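Numbering (the working numbering), first residue to last: 63 to 458. Note that beta-carbon positions come from the ideal geometry of N, C-alpha and C, so glycine has one too. Computed from a predicted structure; not experimentally measured. Structure first, then comments.
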Amino acid sequence: MAKTPDTLLFRHNLVVLTTAQALGAASPPIIISLGGLIGQQLSSTPALATLPVSLFNLGLALGTLPAAFLMRRCGRQAAYMIGALVAIIGALVAFAGVYTQNFTTFCLGTLIAGYYAANVQSYRFAATDSATEAQRAKAISWVMIGGLIAAVVGPQTVIWTRNAFGGVPFAGSFLAQAVLAILAMIVLTRLRPTAPHTPQPTDAPARSVGEMLRTPRFLLALASGLVTYGLMVFVMTAAPIAMVGHGHGVDAAALGIQWHVLAMFLPSLVTSRLMARFGTERMTAAGLVIIGLSAIAALGGFGLVNFYGSLVLLGIGWNFGFIGSTAMLTAAHAPSERARAQGLNDFVIFGTVAIASFSSGALLNASGWVVINWMIFPAIALVLAPLVWRIGRKTA
Numbered sequence: 063m064a065k066t067p068d069t070l071l072f073r074h075n076l077v078v079l080t081t082a083q084a085l086g087a088a089s090p091p092i093i094i095s096l097g098g099l100i101g102q103q104l105s106s107t108p109a110l111a112t113l114p115v116s117l118f119n120l121g122l123a124l125g126t127l128p129a130a131f132l133m134r135r136c137g138r139q140a141a142y143m144i145g146a147l148v149a150i151i152g153a154l155v156a157f158a159g160v161y162t163q164n165f166t167t168f169c170l171g172t173l174i175a176g177y178y179a180a181n182v183q184s185y186r187f188a189a190t191d192s193a194t195e196a197q198r199a200k201a202i203s204w205v206m207i208g209g210l211i212a213a214v215v216g217p218q219t220v221i222w223t224r225n226a227f228g229g230v231p232f233a234g235s236f237l238a239q240a241v242l243a244i245l246a247m248i249v250l251t252r253l254r255p256t257a258p259h260t261p262q263p264t265d266a267p268a269r270s271v272g273e274m275l276r277t278p279r280f281l282l283a284l285a286s287g288l289v290t291y292g293l294m295v296f297v298m299t300a301a302p303i304a305m306v307g308h309g310h311g312v313d314a315a316a317l318g319i320q321w322h323v324l325a326m327f328l329p330s331l332v333t334s335r336l337m338a339r340f341g342t343e344r345m346t347a348a349g350l351v352i353i354g355l356s357a358i359a360a361l362g363g364f365g366l367v368n369f370y371g372s373l374v375l376l377g378i379g380w381n382f383g384f385i386g387s388t389a390m391l392t393a394a395h396a397p398s399e400r401a402r403a404q405g406l407n408d409f410v411i412f413g414t415v416a417i418a419s420f421s422s423g424a425l426l427n428a429s430g431w432v433v434i435n436w437m438i439f440p441a442i443a444l445v446l447a448p449l450v451w452r453i454g455r456k457t458a
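Below you can see the structure in the form of C-alpha cells.
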C-alpha cells in the first residue's frame with residue numbers, strides 16, 4: 063500500500079482506535095461479570111438482580127443518538143473525549159454504590175457507563191472514515207481486535223481488584239474501571255480528524271430514516287446486527303448468574319466471561335480475509351448458525367465445559383455476525399447518509415439489546431437457563447432465511 067497522506071491517516075487512526083477499543087471494551091466485561099452478582103447482594107427482589115447490566119445496556123441505547131449528534135457537531139475526537147469523561151463519572155458513581163451498599167446508586171453508575179459504551183461501539187465506524195471500499199472490512203476487523211486485549215484486561219481486573227477493599231467486595235473493580243477510562247482519554251488525544259464528506263454532483267439526495275428502513279438491503283443489514291447482538295447479550299447477561307446458581311464460583315463465572323470476550327474478538331484476526339473470500343452475507347449467516355450451536359452446547363448440561371463451550375461459540379458467532387452486518391451496513395448507505403444511518407443502526411440494535419438484557423434476568427429467574435437457550439432458535443431463523451435467500455439470488 064503506497065504511503066499517501068490518506069493512507070498514513072488511515073493507518074494512524076486505525077492504531078489509535080484499536081488501542082482505544084482495547085481500553086474502552088474492557089469496561090463492559092467488568093459490569094457484566096459483577097453487575098448481576100452485586101444486584102443479587104443489594105437488591106431485595108431476585109428478578110432485579112440483572113437490573114444493573116440491563117441499565118448499562120439501556121444507557122448504551124440511549125447514548126447512541128446523542129453521541130452521533132456530538133460527532134456531527136464537534137467531530138469524533140471531541141465526542142469520544144466527552145464519552146470517556148462520562149465513563150470516569152459513571153465508574154465513580156458505581157464505586158460509591160458498591161461501597162455504600164446502595165443498589166440505586168450502583169444502578170445509576172452502570173446506566174451512566176452505557177453512554178461511554180455507545181461511543182466505543184462507534185469506533186468501528188470511525189475506522190472506515192478514511193478507508194477505501196476495499197479497506198472497510200479490514201478496518202472494522204482491526205478495531206475489533208482491540209477487544210482481544212479488553213477480553214483479558216476486563217475479567218482480570220475483576221479478579222485482581224475485587225477484594226482491594228477488604229470489607230467491600232467488588233468496589234475496587236469500579237475504581238479500576240475509572241483508571242481505564244483515563245487511559246483511553248490520553249490515547250484519544252492522538253486521533254486525527256478526517257475530511258468531512260462534501261456532496262458531489264453525482265451524489266443522490268440523502269434518504270430519510272423511513273426511506274432507509276424501507277430499503278431491503280439496509281433493513282437486512284440492520285436486522286442481522288440486531289439479532290446477532292441481541293441474542294449475544296440475552297445469553298451473556300444471564301450466564302454468570304446461571305453459572306453461580308449451578309454451583310460454580312465467582313472466579314469461574316468471570317473466567318467464563320473472559321473466554322467469551324476472547325472468542326468475540328480473536329476471530330477478527332481472520333474475519334476480514336474470510337469476508338473477502340466468502341462475502342459479508344455468508345459470514346453473517348455463518349455467525350448466526352454458530353450462535354445456534356452455542357445454544358445446543360448450553361442445552362447439553364450444566365458443567366463448566368457446557369457453559370464455557372456455549373460462551374465461546376456465542377462469541378465466535380457474534381464476531382462473524384456483527385462484523386459481517388456492520389460491513390453490510392456501510393455498503394448500504396451513501397457517504398452523505400453516514401451519521402444518520404450509523405446512528406439509526408446503533409440506536410435500534412442497542413435499544414433491542416437493552417430490552418433483551420432486561421428480559422434475560424426476569425426470564426432466568428422465572429424459567430431458568432434452559433428456556434433462555436431454547437429461545438435462540440426462532441430468532442435466528444427470522445434473519446437467516448432472508449439472508450440465505452439473498453445469497454442464493456447473488457449466486458444464481
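From residue i to residue j, what distance separates their C-alpha atoms?
| i | j | result |
| --- | --- | --- |
| A325 | V77 | 21 Å |
| I378 | L391 | 20 Å |
| H74 | T126 | 25 Å |
| V332 | G362 | 29 Å |
| A403 | G228 | 48 Å |
| S95 | G413 | 21 Å |
| R198 | I385 | 10 Å |
| K456 | L288 | 23 Å |
| S203 | H322 | 17 Å |
| I438 | S330 | 24 Å |
| A226 | A314 | 19 Å |
| V271 | P397 | 15 Å |
| L122 | A338 | 31 Å |
| G405 | L173 | 19 Å |
| I434 | L70 | 47 Å |
| G318 | I411 | 24 Å |
| A424 | A193 | 43 Å |
| G354 | T290 | 11 Å |
| T167 | L376 | 31 Å |
| N164 | T112 | 15 Å |
| A156 | A82 | 22 Å |
| Q320 | L253 | 28 Å |
| N368 | S89 | 26 Å |
| S419 | P440 | 18 Å |
| L444 | G176 | 28 Å |
| R134 | F340 | 34 Å |
| V297 | S422 | 7 Å |
| E273 | L284 | 14 Å |
| V306 | V215 | 22 Å |
| Y142 | E343 | 30 Å |
| A109 | I211 | 33 Å |
| I207 | A201 | 10 Å |
| H310 | Y178 | 31 Å |
CB residue i to CB residue j, shorter than 7 Å?
| i | j | result |
| --- | --- | --- |
| A359 | G349 | no |
| G209 | A87 | yes |
| V220 | I92 | yes |
| A428 | F327 | no |
| G234 | T251 | no |
| L117 | A240 | no |
| G137 | P255 | yes |
| I145 | N181 | Note on identity: in this sequence residue 145 is Gly, with Ile being the wrong assignment. Going by C-beta atoms, G145 is nearer than 7 Å to N181. |
| H308 | F364 | yes |
| A243 | I150 | yes |
| V415 | G292 | yes |
| P114 | C169 | yes |
Report the residue from the options whose alpha carbon sits nearest the alpha carbon of residue i.
| i | options | result |
| --- | --- | --- |
| A389 | L373, R186 and G209 | R186 |
| A401 | S184, I244, H310 and W222 | S184 |
| V249 | C136, L237, A84 and Q218 | A84 |
| P231 | V367, R344, V241 and V312 | V312 |
| A300 | G430, G354 and C169 | G430 |
| V374 | T346, I442, S334 and M294 | M294 |
| L449 | W436, A347 and F409 | A347 |
| F236 | K200, V297, R269 and Y161 | Y161 |
| A393 | F340, E195 and Y177 | E195 |
| L282 | A109, D68 and I453 | I453 |
| A130 | N407, A357, A443 and G341 | N407 |
| Q139 | A201, A246 and R344 | A246 |
| L124 | F409, D68 and T80 | F409 |
| G159 | A201, L104 and H310 | L104 |
| D68 | I442, V215, A189 and L446 | A189 |
| V432 | S387, S334 and A304 | A304 |
| A268 | L426, S286, H395 and D191 | H395 |
Shorter than 6 Å, the distance from the beta carbon of residue i to the closest heavy atom of the ligand FMN, or not?
| i | result |
| --- | --- |
| V214 | Of ligands this structure carries none, so the ligand FMN is not represented either. |
Assess contact between the stretch 274-288 and the stretch 94-106, defined as three or more Cβ pairs (one per stretch) separated by less than 8 Å. Is contact present? no
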